[in-house]
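Residue numbers (this note's numbering): 586 to 723.
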């Protein structure tokens, strides 16, 4: 099972992710976001951050999760590569994320992401596998 794929969307890019559990789905979605931004093989887990979110539903939670990670990336110049979901239920999530500060010469930025959108968002459980579709504004 491939954890995520990208698809083109008018002037944007989409992520289709999947996981055996809801936590794995959210982790794979975050991995896809940062895989779109940089080469994850060049990112070491030197700095960690805790993330706690509470939202109305799973779809809002996915948007807020990825938006929070994008904020950490932009505000702290951190490239994140490790996403450990420690709790997820309904609209609540706790996680520990890790990565390292951007270093010129070590890291390459492939793409800039302006925002995570609600446009055509979907989370479903089909045949025992969680799937999602989310569009990034680039």
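Idealized CB from N, CA, C, for every residue including glycine.
Integer Cβ distance of residue 627 from residue 668, believed to fall under 8 Å: About 17 Å; that fails the 8 Å criterion.
The segment 600 to 611 / the segment 711 to 720 touching (three or more Cβ pairs under 8 Å): yes
Where residue 614 falls, given that 16 or more other Cβ within 10 Å makes a residue buried: buried
Host alpha helix (DSSP H) of residue 616 (start-end): 607 to 622
Alpha carbon of residue 705 to alpha carbon of residue 721, nearest angstrom: 11 Å
Within 7 Å, strictly: CB atoms of residue 673 and residue 608: yes
Residue from 624, 676, 643, 617 with nearest C-alpha to residue 654: 617
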